Amino acid sequence: MQPSAFEDRPPRPLPGEMSDYCRFFDVFPQSSESYIENLPFAPGDTTAGTENELQSAVIGQAADVDLAQVIATSNYLKNIRKRTLAGETPRQMAPDLENFIADNPTNIWENSWVRFPRSVLNDSAREVLNHDLLADKQQPQGPMRKDVHKFNIVQDGREMLRLPVSYLLKLSLAQAMGELPPEATPLRKMGLQLMSHFSNDNTSPETCSFYTPRLVKTRDGMGRSIAAETSLRYLVCQVLIQYANHCFALCTHGQEASLYMAPNPPIRQKKLNDLISDAFYRELFMSPCLSGWDRGEDKHHYMGLCHQVLSRSQLNAVAKLKEAQIINNNLVVLPNTSNVSLANNGTHLSLGSLKLSALLEDSKSGFGPADEKNMGDLVIKICEHFLPLFVGTYSAAPYRIDFTDFHPERVLGYLPHELDFTHLRMIWRRWKKKARLKILGRACTPFGPYPVDRFLQRCFRLKGDFVPDFRLLDYLICLKSTEESAALDGILDNDLRLKRDLSDLGVFDERMSLYLLYKQRQSHVMGFSGFEGRYYSQFESLNTDLSRAAGLQTLITVFACKSILNGSLSHKDIPSDSFTESERRQIFFATAIGLPTFYVNKKTKNRFLLRVLRSVKDMRFSRRYPGYLRVPNTSFHQALIRMLTDEAADLIELMGLEDTIEDLRKRIRFPEQRSVAGRLTAAILDKAGAQSPMDLDSNEFAGAAENYYRDDLRLKHMTEAMDFLAQEMNIIDGKTILNRGRYREILRSVLQDKDASRFVSAVKDDILRGTASVSVLERFLALCVMIMGMKIPLYRKLFDEPNENDGERIVSSPVCVS
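The number in this note's numbering is simply the position in the sequence shown, starting from 1, with 54 added.
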């Protein structure tokens, strides 16, 4: 049924504030058939970079692993014991914490630090560490950090280092570069420069792109280049961890560090969080920020602020649920004063426009920060309508929720801060129906006392639910505008005003960066102009999933720019008020939950949303909510694809994304077989030996997922990276045969006259199994560094210096650093 609300409207003239933008970009839709080639983010104009959050773990006995030892010897545990004896705390509190240390049959300790002798460091690693321990890295002769004692301990009479695995990656690279022969000086310089890309500021290790490739039309798709960079960087991280296990004597001291991609906080870390205070949680898990900032301690305190704010926001969300009449009595399970949402891991994919960046760098161009903000906010509002296409399709975080955990104050997470109460109530009612939370025909949620809820679960066979991407619900991924301050109205510094309002409301802190699903990267802040997609959770394949997602993200961004510059969309078409904002974002969150339908007011002010809804099949007026349209989620996704194929057909052809669109259709149509949520779920169930997620309880499913991410998926991602690496090795061997630059000289010093392809082929299986020797790992890392050097114009000259047989010099092209 097509409701009458969708009558055709005449096209509106181009808004005055946007009309000048056409000449800035040399885009004139009425007079040129090739104007799309000049659009921002068109092929050749777009650069890409990713930031990946990884999960770390240390395998070993409690007596050898840092996390267990810190808890066992902490004043926190000692004080709990004394307070228990005095009757001030529950009798079970101290034994539960002690049991957490003693009862760990897998010997896997997620996010633990590592300990090793300081004497194993070579001069290169020692110099890097000493520099990073400075209170201010701009003052080499200045004092050390006040918390330097945390990193230097004495154990069994030996001076030991205590470091997080995130910093271990950087130190491992410094150690490996220090072992290179003098002839490989260009590699050493390049490797030391790459260390700045390990700038972890959170619980989990983070890395950002070593280089920012241009996205161009290729046979393998626009996104292949950024997928290759991300995959190779992941492989480098794996090799650095293996190298650290050997050269830093971790294995000798009963520890084996591990690194992999996993979207949700580990079960044991969530369990520990329920046993300790928020301050002790921060002491155990918040990054010391040793790398990436001149004043690391200040950054560490900032991250502590983030944890405190998110924990407070979680408590404030309970009050909002009561205001929204989702909680109708005082029977609630209060959230812990500590929050684990910062342990969620995902990928941020940034796109930069060389054209936008150049205009903003040129003070005479007439295109300034106010124009960037005005256009950027509208681009974000348009793109947010398409973001449901990515959820579960290209990335996912499958999650099982038991009935006993189905308290609204738990599963709705931060949604009260992200959605209007109207949409929040609609989602909650639909979610309860999806989870079949009914007793004798009436909707029912857990009461609170665990024995009672467990009895109800068994008696009425209430199983709870399964969602495709719980990470997007368990983390404050975006913030709703207030009635007085809109985040995306196109006015410069609107984010500062909104943060001030949210800070007054106890939801956020104005010192923090504003959270958005699709975030503008402003030139005066980041050094480039573009947008960052922050909605990616877990990729099943970097080669196919990340690559396709990057192409689609670029398409919707350039489509938004085209719609603005040809006058078909303006800020008036997508109002910036909080209700309209919530109305489009509810679709995103409904997709993350796996809800089959959502509801839109038939008198919505969002004209762009109405355009999409015109082609939605099986839509009808809602019987439950008068004045609302009941929209099938899958049909809406298909309508979005039809809009792209109809209105962006020229862009799809220009960017060579026909295969990406066809692949997207199949992912939407056959989610169990083709989507990432379906493929990850099938692999996890195979690991657990189950047929359906509902055959497992939440801990069983989460445990199987963690095992799959840590073992099978890690190996798959490494294998994919080896395939990318083999292609790069062929390029290096070609340059060596042609005697171009210094490749032959450098390879001879590293590989002793062996060609790169044969070396990689010979050591591939050992690296995948984790059995490669230290010397093999050092040479392998040297080759990886050479590949990165080939990609970065700033350092390419270190390798492409001409010799007597090569009179050419490669000309570098500008790269937008994300």
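From the three backbone atoms N, C-alpha and C, an ideal C-beta is built for every residue, glycine too. Owing to the predicted nature of the structure, the values given are computational and were not obtained by experimental measurement.
Same chain, Cβ closer than 8 Å to residue i, neighbours up to 5 away in sequence not counted
i: T499; result: F460, H461, P462, K486, L491
i: R602; result: G275, G277, Y448, T714, D717, L718
i: A156; result: A116
i: L609; result: L698, A702, L705, I706, M709, L711, T714
i: L248; result: L227, F264, V839, M842
Cβ pair residue i, residue j closer than 8 Å
i: S253; j: G358; result: no
i: V561; j: H471; result: yes
i: E673; j: V363; result: Before going further, note that residue 673 is Met rather than Glu in the sequence given. In this structure, V363 does not lie closer than 8 Å to M673 by Cβ.
i: N620; j: L396; result: no
i: N383; j: E107; result: no
i: G446; j: T651; result: no
i: D777; j: S811; result: no
i: I241; j: S110; result: Checking the sequence shown, residue 241 turns out to be Leu, not Ile. No; because the gap between Cβ atoms is not below 8 Å, this pair is not in contact.
i: T100; j: G430; result: no
i: S341; j: S178; result: no
i: L121; j: L151; result: no
i: F520; j: V730; result: no
i: S285; j: P267; result: no
i: M214; j: R169; result: yes
i: F78; j: S419; result: yes
i: A96; j: L403; result: no
i: T735; j: P452; result: yes
i: S595; j: A450; result: no
i: G232; j: N176; result: yes
i: L385; j: V124; result: no
i: A48; j: L600; result: Outside the displayed range of the chain (55 to 872) lies residue 48, so it cannot be described from this structure.
Own chain residues within Cβ distance below 6 Å of residue i, not counting five before or after
i: N660; result: I628, T634
i: Q209; result: none
i: A759; result: I738
i: M783; result: A810, S811, V814
Beta-ladder partner(s) of residue i, from DSSP
i: I493; result: R496
i: V168; result: L217
i: M198; result: L188
i: T401; result: N106, Y590
i: N206; result: L215
Distance between residue j and residue i (C-alpha atoms, nearest Å)
i: F690; j: M697; result: 11 Å
i: L68; j: A373; result: With a pLDDT of only 41 at L68, under 50, the local geometry of the prediction cannot be trusted, and no value is derived from it.
i: F613; j: A228; result: 43 Å
i: H203; j: P747; result: 46 Å
i: T160; j: R484; result: 39 Å
i: L183; j: I381; result: 51 Å
i: G467; j: D631; result: 23 Å
i: T306; j: L234; result: 24 Å
i: N165; j: S226; result: 18 Å
i: A126; j: L473; result: 42 Å
i: D820; j: P505; result: 50 Å
i: F588; j: Q607; result: Checking the sequence shown, residue 588 turns out to be Arg, not Phe. If you take the alpha carbons of R588 and Q607, they lie about 11 Å apart.
i: F524; j: L441; result: 16 Å
i: I90; j: R733; result: 36 Å
i: P687; j: Y763; result: First, the amino acid is wrong: residue 687 is Asn here, not Pro. Those two C-alpha atoms are separated by around 29 Å.
i: R336; j: N92; result: 49 Å
i: G211; j: N299; result: 22 Å
i: F82; j: R273; result: 29 Å
i: I785; j: E564; result: 49 Å
i: P847; j: R464; result: 49 Å
i: H439; j: V433; result: 11 Å
i: K200; j: H355; result: 12 Å
i: M480; j: L546; result: 34 Å
i: G422; j: C76; result: 14 Å
Residues of its chain near residue i, where Cβ-Cβ distance is below 7 Å and the 5 sequence neighbours each way are ignored
i: A238; result: I800, S803, V804, A836
i: N548; result: S539, A540, A541
i: T261; result: N106, H251, F252, R287, C291
i: V394; result: P319, Q323, K324, N327
i: I641; result: P442, F652, F690
i: P57; result: Legend: pLDDT at P57 = 48, less than 50; position of this residue unreliable, value from coordinates given subsequently. Excluding positions up to five away in sequence, the list reads K656, F675, L683.
i: S411; result: S577, F582, S583, C870
CB contact below 8 Å: residue i versus chain B
i: L443; result: As a matter of chain content, chain B is missing from the structure shown, which is built from one protein chain.
Segments assigned alpha helix (DSSP H), at least 4 residues, entirely inside the stretch 214 to 290: Annotation: the stretch 214 to 290 contains the following complete segments of the alpha helix (DSSP H) (minimum length 4 residues), in chain order: 219 to 232, 239 to 248.
Completely contained beta strand (DSSP E) runs for the stretch 639 to 679, where each covers 3 or more residues: As far as the stretch 639 to 679 is concerned, its whole beta strand (DSSP E) runs of at least 3 residues are 651 to 655.
Uninterrupted beta strand (DSSP E) stretches inside the stretch 77 to 130 (no shorter than 3 residues): Qualifying beta strand (DSSP E) stretches, in chain order: 100 to 107, 109 to 113.
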